[in-house]
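Notes follow once the structure below has been shown.
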Amino acid sequence: MTTFIQQLVNGLSVGSIYALIALGYTMVYGIIKLINFAHGDVFMVGAFVAYFSYTVLHLGFLGSLIVSMAACAVLGVVIERFAYRPLRKSTRIAALITAIGVSLFLENAGIIAVGAQARGYPSMLPSRSINVGGVTISVQQIGIIVLSVVLMVILQYIVHRTKMGKAMRAVAYDAEAAQLMGIDVDRTISFTFAIGSALAAAAGVIYGAYYSAIDPLMGIMPGLKAFIAAVLGGIGIIPGAMVGGLVLGMIETLVQSLGFSLWRDAVAFALLILILLIKPEGLFGKHAREKV
Amino acid sequence: MQEKKRGALAGRWSFWAWIGVGLVLYAIIGLLIDNGIIDSYMALIVYQMCLNVILAVSLNLINGFTGQFSIGHAGFAAVGAYVSAVLTAKMQLPFFPALIIAALAAAVAGLLIGIPTLRLKGDYLAITTLGFGQIIQVILINLQYVGGAAGMTVHKETNFTWLYFAALITVVVIANFVHSRHGRACIAVRENEVAAEMMGINVTYYKVLAFSIGALFAGVAGALSAHTFYFIKPTSYGFLQSFNILVIVVLGGLGSITGSILGAVVLTLITAFLQDYPQWQMVIYSLILVLIMIFRPQGLMGTKEFRLSAIGLGRRRDEHAAP
């Protein structure tokens, strides 16, 4: 039983990282129907910005986190402005390929800028751990979970209680009608990218702190997995991404604790294919009939 | 009707003209290689070009002509490469039967992934095929029989003739398929699935058919590449390779066979020239990609085909098209 709870806690930490990245995927998909493949690399950039803010500028954990989230918010807006906006009217394939292109660009520009080898990440949070009835919980894990919950609550507040959030929901529902009602669609989309990228940056920081190593290609796998999480919950649905991320994290930790850690990635993708076959609209999605 | 038949390779005359051009090209390149004018490094680039032509043309059948967005093509190539390698290196089978079995195995893989997933559309299909490619890679990494992550060595069995004729056959088969009744059905599925269904086209059948044929030739390319470069490892068939093939197809033009050939030649050359700076290569490559998508999203050729009559070879199509 304690082992199970232990794995649950581990899964919760990994899952919240996935959930934070998945939120960005799901919001961008919800609003412009684009799988933003570069999202995983924004996550990587976030981890690196925090790394340099912490080790070079000595900004401390919170300072580095905020600098990294701000930098990535700007990066997300820039990517949207220069790579995706010109393609808003063209085919989905063109947009998707652009997204992959941006992703490759960030990865390889990252390799040129900081080198391909992995770097040790500073342990930004104290490495103590507490023991609750045989279950060991590290301060890092608590930090990860608390931070994720706080960010998700803020996100929910923005989306449901602010004017910008209302605009986001309107554009996601029907961009053209929103425009007719006087909503600045371009600005709303930029804002969505900013928020999504900031969340990815936060995920990057806690990923680095949790696994204590970062490299320019670190965004690929978590990025794909977070996308799986978004699909799992129903892409375009914000609570779906949170739940999807947590579920995926739990399943992965479970597979790993059963001794199949080499098969972890395959299980994640098999899960994705399974969901798509059984319930393509995801756990929280509603089935919409295609009209001709 | 005449308008419809205007595609290149449709008429008999034009068909043999293309075959003639293909054979002349073979003779020229073959002579250049034999006489050492194309050195062994350049020859490798030529080999890679042939392989890329096979991969791109076969992926174009799925993505360009049938409109099914697949980004796991390297997964099928991996099936072909590993099956053929196991057959020749571990079971001492001659190369040709191994190649055939490998191609069939890849086609079966295409069928297996195709039947359940082709109900999915667009982005979802893309991500599923991507997942499929990843799963194949994870399986190969964990399979100690074929060397796991370290890979395995294979006999060298192919030469320029093998690669060139495999590419030629691929192009001929897929071009003929595309211009047949089945090919037109595939194009109808691409244009509008629901409307195609209304016209009595069995949409699922044609999707799976295109998928399997595409996978079959990807398997051929995989088997040939394994026996050309005589070393295979799982990471050679990852997402990046699938993506490379996709880029060739999109660069050349989705729905243009001559475009895919052109794309394969151009992109292989670009890659080869940037070889010495692998990191800058990828940065330049990704920038080119984004710029092409922004300024010419339909690719170099769009859905048009390059026609021999454009350079004065062969008669003009409309003179010949009268029944």
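Just so you know, the sequences run in chain order F and D. With positions in the first sequence counted from 1, the corresponding number in this note's numbering is that position plus 9. With positions in the second sequence counted from 1, the corresponding number in this note's numbering is that position plus 30. Yeah, the Cβ is synthetic: ideal placement off N, Cα and C, and Gly gets one too.
Thinking just about the alpha-carbon of each residue, which of F:Leu292, F:Val86, F:Gly243, F:Val144 is nearest to the one in alanine 47 of chain F?
Here residue 47 of chain F refers to the residue found at position 38 when the first sequence is read from its first residue. Among F:Leu292, F:Val86, F:Gly243, F:Val144, the Cα nearest to that of alanine 47 of chain F belongs to F:Val86.
Assuming alanine 156 of chain D contacts alanine 253 of chain D (C-beta within less than 8 Å), just tell me the rounded distance between them.
Position 126 of the second sequence, counting from 1, holds the residue named residue 156 of chain D. Position 223 of the second sequence, counting from 1, holds the residue named residue 253 of chain D. Cβ-Cβ separation between alanine 156 of chain D and alanine 253 of chain D: approximately 26 Å, too far for a contact (criterion under 8 Å).
Cβ shell of serine 266 of chain F (< 7 Å), same chain only, five flanking positions each side left out:
The residue labelled residue 266 of chain F in the question sits at position 257 within the first sequence. Correct list, in chain order: Gln16.
What does alanine 156 of chain D reach in chain F if we use C-beta pairs closer than 7 Å?
In the second sequence, residue 156 of chain D corresponds to position 126, counting from 1. By Cβ distance, chain F contributes Leu105.
Output yes if chain F places a C-beta closer than 9 Å to the C-beta of arginine 345 of chain D; else output no.
Counted from its first residue, the second sequence places residue 345 of chain D at position 315. With a pLDDT of 48 at arginine 345 of chain D, under the threshold of 50, the predicted position of this residue should be treated as unreliable, and no value is reported.
Cβ neighbours of leucine 81 of chain D in the same chain (closer than 7 Å, five flanking residues each side left out)
Counted from its first residue, the second sequence places residue 81 of chain D at position 51. The answer, listed in chain order, is Leu193, Ala251, Leu254, Ser255.
Is it right to say phenylalanine 13 of chain F is buried, meaning 16 or more other beta carbons lie within 10 angstroms of its own, or is it exposed?
One-based indexing of the first sequence puts residue 13 of chain F at position 4. Per the 10 Å Cβ criterion, exposed.
Where does glutamate 349 of chain D fall in DSSP's three states?
Stepping through the second sequence from its first residue, residue 349 of chain D is reached at position 319. In this predicted model, glutamate 349 of chain D has a pLDDT of only 39, less than 50, meaning its place in the structure is not dependable; the value taken from the coordinates is given anyway. Residue state, collapsed to three classes: helix.
Is DSSP giving methionine 10 of chain F helix, strand or coil here?
Against the first sequence, residue 10 of chain F aligns to sequence position 1. If DSSP states are grouped into helix, strand and coil, methionine 10 of chain F belongs with coil.
Using C-beta distances below 7 Å, list every residue in its chain close to threonine 288 of chain D, excluding the 5 sequence neighbours before and after it, in chain order.
The count along the second sequence starts at 1 and reaches residue 288 of chain D at position 258. Ala38, Met331, Glu335, Phe336, listed in sequence order.
Take leucine 61 of chain D as the anchor and find which of D:Met229, D:Thr191, D:Ala218 has the nearest alpha-carbon.
Taking the second sequence and counting its residues from 1, one reaches residue 61 of chain D at position 31. It is D:Thr191.
Under three-state DSSP, which class holds asparagine 189 of chain D?
As a working note, residue 189 of chain D is residue 159 in the second sequence. In this structure, asparagine 189 of chain D counts as coil in the three-state DSSP scheme.
Answer yes or no: do glycine 213 of chain F and glycine 24 of chain F have a C-beta to C-beta separation smaller than 9 Å?
Mapped onto the first sequence, residue 213 of chain F falls at position 204. Mapped onto the first sequence, residue 24 of chain F falls at position 15. Taking 9 Å as the Cβ cut-off, glycine 213 of chain F and glycine 24 of chain F do not qualify as a contacting pair.
May I have the straight-line CA-CA distance separating valine 18 of chain F from threonine 35 of chain F, to the nearest angstrom?
For the purposes of this step, residue 18 of chain F is identified with residue 9 of the first sequence, where counting begins at 1. For the purposes of this step, residue 35 of chain F is identified with residue 26 of the first sequence, where counting begins at 1. Computed Cα separation, rounded: 25 Å.
Contact criterion: CB-CB distance below 9 Å. Does alanine 92 of chain F meet it with respect to chain D?
In the first sequence, counting from the first residue as 1, residue 92 of chain F sits at position 83. Yes, alanine 92 of chain F lies at the interface with chain D (some Cβ there is under 9 Å from its Cβ).
Skipping 5 residues on each side, what residues in its chain have a beta carbon closer than 7 Å to that of isoleucine 215 of chain F?
Your numbering for residue 215 of chain F matches position 206 in the first sequence. Sequence-distant partners of isoleucine 215 of chain F (beyond 5 residues in either direction) whose C-beta falls short of 7 Å from its own C-beta, in its chain, are Ile26, Ile153, Leu156.
Can you name the residues of chain F whose CB is closer than 9 Å to the CB of isoleucine 199 of chain D?
Position 169 of the second sequence, counted from the start, is the residue given in the question as residue 199 of chain D. Ordered by position in chain F, no residue passes the 9 Å Cβ test against isoleucine 199 of chain D, which lies about 28 Å from the chain.
Take the Cβ of tryptophan 46 of chain D as the centre, count every other Cβ of all protein chains shown within 10 Å, and call the residue buried at 16 or more, exposed below.
Locating residue 46 of chain D in the second sequence gives position 16, where the first residue counts as 1. Counting Cβ neighbours within 10 Å, tryptophan 46 of chain D comes out exposed, since fewer than 16 surround it.
So which residues on chain D does proline 95 of chain F lean against when the C-beta distance must stay under 9 Å?
Here residue 95 of chain F refers to the residue found at position 86 of the first sequence. The contacting residues are Met323, Ile324, Phe325.
In the DSSP assignment, what residue or residues form a beta bridge with alanine 222 of chain F?
Residue 222 of chain F sits at position 213 when you count from the first residue of the first sequence. F:Gly129, per the DSSP bridge assignment.
Within 10 angstroms of its Cβ, does serine 316 of chain D collect 16 or more other Cβ (buried), or is it exposed?
Here residue 316 of chain D corresponds to residue number 286 of the second sequence, with the count starting at 1. With 16 or more Cβ atoms within 10 Å of its Cβ, serine 316 of chain D is classed as buried.
Less than 8 Å between the CB atoms is what I'm expecting for serine 266 of chain D and isoleucine 278 of chain D, so what's the real figure, rounded?
On the second sequence, residue 266 of chain D is found 236 positions in, with the first residue counted as 1. On the second sequence, residue 278 of chain D is found 248 positions in, with the first residue counted as 1. Their Cβ separation, rounded to whole angstroms, is 17 Å, which puts serine 266 of chain D and isoleucine 278 of chain D out of contact at 8 Å.
State yes or no: is the C-beta of valine 76 of chain F within less than 9 Å of the C-beta of leucine 66 of chain F?
For the purposes of this step, residue 76 of chain F is taken as the residue at position 67 of the first sequence. For the purposes of this step, residue 66 of chain F is taken as the residue at position 57 of the first sequence. Yes.
Looking at the unbroken beta strand (DSSP E) that takes in threonine 145 of chain F, where does it start and where does it end?
Taking the first sequence and counting its residues from 1, one reaches residue 145 of chain F at position 136. From DSSP, the beta strand (DSSP E) with threonine 145 of chain F extends over 144 to 147.
Distance between lysine 120 of chain D and leucine 284 of chain D (C-alpha atoms, nearest Å)
The residue labelled residue 284 of chain D in the question sits at position 254 within the second sequence. The residue labelled residue 120 of chain D in the question sits at position 90 within the second sequence. Between leucine 284 of chain D and lysine 120 of chain D, the C-alpha separation is close to 39 Å.
Please report how far the alpha carbon of leucine 55 of chain D lies from the alpha carbon of leucine 283 of chain F, in whole angstroms.
Indexing the second sequence from 1 puts residue 55 of chain D at position 25. Indexing the first sequence from 1 puts residue 283 of chain F at position 274. Rounded to whole angstroms, leucine 55 of chain D to leucine 283 of chain F spans 47 Å at the Cα level.
Check this for me: beta carbons of isoleucine 243 of chain D and alanine 86 of chain D, under 9 Å apart or not?
Locating residue 243 of chain D in the second sequence gives position 213, where the first residue counts as 1. Locating residue 86 of chain D in the second sequence gives position 56, where the first residue counts as 1. In this structure, alanine 86 of chain D does not lie closer than 9 Å to isoleucine 243 of chain D by Cβ.
With distance defined between alpha-carbon atoms, name the residue in F:Glu261, F:Val252, F:Tyr220, F:Leu271 nearest to phenylalanine 293 of chain F.
For the purposes of this step, residue 293 of chain F is identified with residue 284 of the first sequence, where counting begins at 1. Out of F:Glu261, F:Val252, F:Tyr220, F:Leu271, F:Val252 has the C-alpha closest to the C-alpha of phenylalanine 293 of chain F.
For threonine 96 of chain D and valine 37 of chain F, I'd like the C-alpha separation in whole angstroms.
The sequence position of residue 96 of chain D within the second sequence is 66, counting from 1. The sequence position of residue 37 of chain F within the first sequence is 28, counting from 1. Computed Cα separation, rounded: 28 Å.
Mapping DSSP to helix, strand and coil, what is leucine 161 of chain F?
To locate residue 161 of chain F, count along the first sequence from 1; it is residue 152. Before going on, a small fix: residue 161 of chain F reads as methionine here, not leucine. Helix.
Mapping DSSP to helix, strand and coil, what is isoleucine 139 of chain F?
Position 130 of the first sequence, counted from the first residue, corresponds to residue 139 of chain F. Strand.
Within the 9 Å Cβ cut-off, does glutamate 261 of chain F reach chain D?
Residue 261 of chain F sits at position 252 when you count from the first residue of the first sequence. Closer than 9 Å: no.
Is the beta carbon of methionine 78 of chain F sitting closer than 9 Å to the one on leucine 281 of chain F?
Counted from its first residue, the first sequence places residue 78 of chain F at position 69. Counted from its first residue, the first sequence places residue 281 of chain F at position 272. No, Cβ-Cβ distance for methionine 78 of chain F and leucine 281 of chain F is not below 9 Å.
Classify alanine 82 of chain F as buried or exposed, calling it buried when 16 or more other Cβ atoms lie within 10 Å of its own Cβ.
By one-based count along the first sequence, residue 82 of chain F stands at place 73. Its Cβ being crowded by 16 or more others within 10 Å, alanine 82 of chain F is buried.
Closest residue to alanine 211 of chain F among F:Gly228, F:Leu115, F:Ile88, F:Pro95 (Cα-Cα distance)
Counting from one through the first sequence, the residue named residue 211 of chain F turns up at place 202. Nearest of F:Gly228, F:Leu115, F:Ile88, F:Pro95 to alanine 211 of chain F, Cα basis: F:Gly228.
Can a CB atom of chain D be found closer than 9 Å to the CB of lysine 42 of chain F?
Position 33 of the first sequence, counted from the first residue, corresponds to residue 42 of chain F. Yes, its Cβ sits closer than 9 Å to a Cβ of chain D.
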